[in-house]
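Report on one structure; see the data block that follows.
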Amino acid sequence: MNKTKHVWQDFVNNFFSRRLLFFCVFQFYILHYYINSVKRFSIVVDYPASPWILPFVGQNVYFLFIYGISVIYFYSNIPFMQRNEMYALIREGRKKWVYAKILRIWMSAVSLSFIEVVLSILPLFPCLEWTAEWGKLYNSLAMTNAGLEYNVKLSFSYELIIEHDPFITMLIFGIILCISTGLVGMIMFAVSICVNRTTAVLMGTFLSVLSVVFANLYLYQQWISFISPFSWMNLLLLYGKVCKNAPSFSAVIIVAAISVFILSGISLKRIYIKDLDWTDEE
Amino acid sequence: MRSDFTKDKNIKVKDVCKYFGKTQVLDHVNMECRQGEITGIIGRNGAGKTVLFKIICGLLSLDSGEILINGIKRERQADVLPSVGIIIEEPAFLKYYSGIKNLEYLYMINHKNNRQYLESIMEKVGLDPKSKKHVGKYSMGMRQRLAIAQSIMEEPDFLVLDEPFNGLDSHGVNEMRELFLELKKRGKVILIASHNSEDINILCDNVYSMESGVLKVLR
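So the protein lines, in turn, are chains U and Y. Counting in the working numbering, the final residue of the first sequence is number 282, and the numbers go up one at a time with none missing. Counting in the working numbering, the final residue of the second sequence is number 1219, and the numbers go up one at a time with none missing.
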């Protein structure tokens, strides 16, 4: 019970930070930028907007890139060697300390994903309608060229609306969002332990840029989709609508599970030969 | 408590060298810290005291030589030293928590929370356990006292204290000296580093000096 309480407190102490504030402000701004154009259209045509907009936002490559950068900024304090951690590490031992940090990464990923969902709904007020359907607004945008006429900055996939249930789609998107976020955190953590923090941040940035690279090269270099976690947030890719050789939802789960297992192993092995240096920054 | 003496806890440092790149920061260091004794190291800033302490605690690896804990050689890829209380470099806590909350946070890692006990530890180091003041607003001396509290609160076998008197006024220094002498009587292995030779001379049974990574026996 005490261990659970300590892990929870460790997460809370580190999650509610200035980095979270910047993440929220940045994400709110970018989501507002894209979703506000949908809201304006909603006001013009007088159709309410359903809350299931995030899977459509996920199809925008610039959003994926900026989300990636925000996540990397949030995790930029890896490998969590702030000076106050020294007292905790000396009590936990290296192995348990790494376990606690891996847990912290995943708890943060779940929380960031939840925040992202909430932040995507906020710009829709007061046009929001709580419904289990996609709604007339998104149907209109998917089936007509009204989006172009009204300068709507998101594209609404007709296939997604016709073939998939909104609640299930949102759930899948939430899971993918969480997996991408946590996996990038894990990669950065392992790299920061094996090499250093700067390399880890560069690695994270590379993964973020990879979503843009894939969006431009998907016809020729389809394999990139397997190693670009932020590209997975484009559900059309997972549903096989972007290119033939793309991972499915279950493939993403398997790739992520294997990667997490390997990255945890590397982190646990390397922590024993790492000289522990502490930083003053939060 | 005296019965612990039979276990003969000690730290032996044998021929330890440490390099940062091409710079040698520890040069064939040999020393021994025994149970019920205070071992002191005097040296200027940058002499290598903190590096030696970090190696003893298992926070840094050594390039050659060996460390024996209670006669057992520590493996190269060993974990941190078990049952150790440390103050290394500046004390650092969770700034938005009170002193007692910080202690609870650390104490809970290996024990069931015991607020009453932790309050008594805070009183022992001269801090008000009821104070709601955030550690971020503590003076340097108060943070140092809290660091001492966290180092002793779990009754560790080993105390590795790097500049434990930093920021303390003369009254505080005297109080902490008495506390360390009491811990010595209770059979702790205590290792203290200071740039102030007076602290070391008054407290320590064995005294070393360190300069440019070279450790010499003074007493």
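Using N, Cα and C, we set each Cβ at its ideal position, and we do this for glycine too.
By the DSSP assignment, the alpha helix (DSSP H) with residue i in it spans what residues?
i, result
"Lys-101 (chain U)", "94-121"
"Ala-256 (chain U)", "249-270"
"Val-61 (chain U)", "61-74"
From the DSSP output, in three-state form, read off residue i for me.
i, result
"Asp-1063 (chain Y)", "coil"
"Arg-18 (chain U)", "helix"
"Cys-1017 (chain Y)", "strand"
"Asp-1008 (chain Y)", "coil"
"Cys-178 (chain U)", "helix"
"Arg-1002 (chain Y)", "Residue placement at Arg-1002 (chain Y) is poorly supported in this model, since its pLDDT is 42, which falls under 50; the coordinates still yield a value, given next. The answer is helix: DSSP assigns Arg-1002 (chain Y) an H, G or I state."
"Thr-199 (chain U)", "helix"
"Gln-1024 (chain Y)", "strand"
"Ser-338 (chain U)", "Since the displayed chain U opens at 1 and closes at 282, residue 338 (chain U) lies outside it and no answer follows."
"Lys-1080 (chain Y)", "Note that residue 1080 (chain Y) is Val in the sequence shown, not Lys. Note: Val-1080 (chain Y) maps to coil in three-state DSSP."
"Leu-1191 (chain Y)", "strand"
"Ser-1098 (chain Y)", "strand"
Measure the C-alpha to C-alpha separation of residue i and residue j and round it to an integer number of angstroms.
i, j, result
"Asn-1201 (chain Y)", "Lys-269 (chain U)", "43 Å"
"Gly-1133 (chain Y)", "Tyr-75 (chain U)", "Checking the sequence, you will find Lys at residue 1133 (chain Y) rather than Gly. Computed Cα separation, rounded: 29 Å."
"Phe-26 (chain U)", "Ser-208 (chain U)", "16 Å"
"Pro-1091 (chain Y)", "Gln-1144 (chain Y)", "6 Å"
"Asn-216 (chain U)", "Ile-224 (chain U)", "11 Å"
"Ile-1192 (chain Y)", "Pro-1164 (chain Y)", "7 Å"
"Ile-1148 (chain Y)", "Ile-1087 (chain Y)", "7 Å"
"Val-1084 (chain Y)", "Ser-259 (chain U)", "35 Å"
"Ala-146 (chain U)", "Asn-77 (chain U)", "44 Å"
"Thr-1006 (chain Y)", "Met-188 (chain U)", "Here the model assigns Thr-1006 (chain Y) a pLDDT of 47, short of 50, so the residue's position is not dependable and the matter cannot be decided."
"Lys-241 (chain U)", "Tyr-218 (chain U)", "12 Å"
"Lys-3 (chain U)", "Asn-1110 (chain Y)", "8 Å"
"Asn-60 (chain U)", "Arg-83 (chain U)", "39 Å"
"Ser-155 (chain U)", "Phe-226 (chain U)", "23 Å"
"Lys-96 (chain U)", "Val-1025 (chain Y)", "30 Å"
"Leu-112 (chain U)", "Asp-277 (chain U)", "28 Å"
"Tyr-33 (chain U)", "Thr-198 (chain U)", "31 Å"
"Thr-131 (chain U)", "Phe-167 (chain U)", "10 Å"
"Ser-140 (chain U)", "Ala-49 (chain U)", "11 Å"
"Cys-243 (chain U)", "Val-44 (chain U)", "35 Å"
"Ile-69 (chain U)", "His-6 (chain U)", "29 Å"
"Ser-1139 (chain Y)", "Tyr-1096 (chain Y)", "14 Å"
"Ile-185 (chain U)", "Phe-11 (chain U)", "Correcting the residue identity first, residue 185 (chain U) is Gly in this sequence and not Ile. For Gly-185 (chain U) and Phe-11 (chain U), the distance between alpha carbons rounds to 14 Å."
"Phe-1093 (chain Y)", "Ile-1100 (chain Y)", "11 Å"
"Asp-1169 (chain Y)", "Gly-1141 (chain Y)", "7 Å"
"Met-81 (chain U)", "His-164 (chain U)", "44 Å"
Run through chain Y and tell me which residues come within less than 9 Å of residue i, C-beta to C-beta.
i, result
"Ile-273 (chain U)", "Ser-1061, Arg-1076 and Gln-1077"
Anything in chain U within Cβ reach of residue i, meaning under 7 Å, just list it in chain order.
i, result
"Val-1084 (chain Y)", "Ile-90"
"Leu-1094 (chain Y)", "Asn-13 and Asn-84"
Could you spell out the range, first to last residue, of the beta strand (DSSP E) harbouring residue i?
i, result
"Cys-1204 (chain Y)", "Cys-1204 (chain Y) -> no beta strand (DSSP E), and no H or E assigned at all."
"Leu-83 (chain U)", "The sequence shown places Arg at residue 83 (chain U), rather than the Leu named in the question. Note, Arg-83 (chain U): premise wrong, no beta strand (DSSP E); not H, not E."
"Gly-1043 (chain Y)", "1037-1043"
"Gly-1085 (chain Y)", "1084-1087"
Listing by chain order, which chain Y residues have their CB less than 7 Å from the CB of residue i?
i, result
"Arg-197 (chain U)", "Chain Y residues near Arg-197 (chain U): none, gap ~17 Å exceeds 7 Å."
"Gln-27 (chain U)", "The contacting residues do not exist; Gln-27 (chain U) stays about 24 Å from chain Y at best."
List the residues of chain Y whose Cβ lies closer than 8 Å to the Cβ of residue i, in chain order.
i, result
"Ser-6 (chain U)", "For the record, residue 6 (chain U) in the displayed sequence is His; it is not Ser. Per Cβ cutoff of 8 Å: Tyr-1105, Met-1108 and Ile-1109."
"Leu-276 (chain U)", "Lys-1054, Leu-1059 and Leu-1060"
"Gln-9 (chain U)", "Tyr-1105 and Met-1108"
Residues of chain U with CB closer than 9 Å to the CB of residue i, please, in chain order.
i, result
"Val-1189 (chain Y)", "Correct list: empty, because the minimum Cβ distance to chain U is about 15 Å."
Selection of the segment 160-177 of chain U by Cβ proximity to chain Y, strictly under 9 Å: For the segment 160-177 of chain U, the set of positions with a beta-carbon nearer than 9 Å to some beta-carbon of chain Y is empty.
In chain order, what residues of the segment 1137-1159 of chain Y put their CB closer than 9 Å to some CB of chain U? So the close ones are Ala-1147, Gln-1150, Ser-1151 and Glu-1154.
Selection of the segment 86-108 of chain U by Cβ proximity to chain Y, strictly under 8 Å: Taking 8 Å as the cut-off between beta carbons, the residues of the segment 86-108 of chain U near chain Y are Met-86, Tyr-87, Ala-88, Leu-89, Ile-90, Arg-91, Glu-92, Gly-93, Arg-94 and Lys-95, in sequence order.
For the segment 61-89 of chain U, list every residue whose C-beta sits within 9 Å of some C-beta in chain Y, in sequence order. Identification of residues in the segment 61-89 of chain U having a C-beta nearer than 9 Å to some C-beta of chain Y yields Gln-82, Arg-83, Asn-84, Glu-85, Met-86, Tyr-87, Ala-88 and Leu-89, given in sequence order.
Going along the segment 1044-1069 of chain Y in order, which residues come within less than 9 Å of chain U, judged by CB to CB distance? Taking 9 Å as the Cβ-Cβ cut-off, the segment 1044-1069 of chain Y approaches chain U at Lys-1054, Cys-1057, Gly-1058, Leu-1059, Leu-1060 and Ser-1061, given in chain order.
At a CB distance below 9 Å, what residues from the segment 11-23 of chain U approach chain Y? Give them in sequence order. Going along the segment 11-23 of chain U in chain order, one finds Asn-13 with a Cβ nearer than 9 Å to chain Y.
Counting only Cβ-Cβ distances shorter than 8 Å, please list the residues of the segment 1110-1135 of chain Y near chain U, keeping chain order. From the segment 1110-1135 of chain Y, only Asn-1110, His-1111, Lys-1112 and Asn-1113 have a Cβ closer than 8 Å to chain U.
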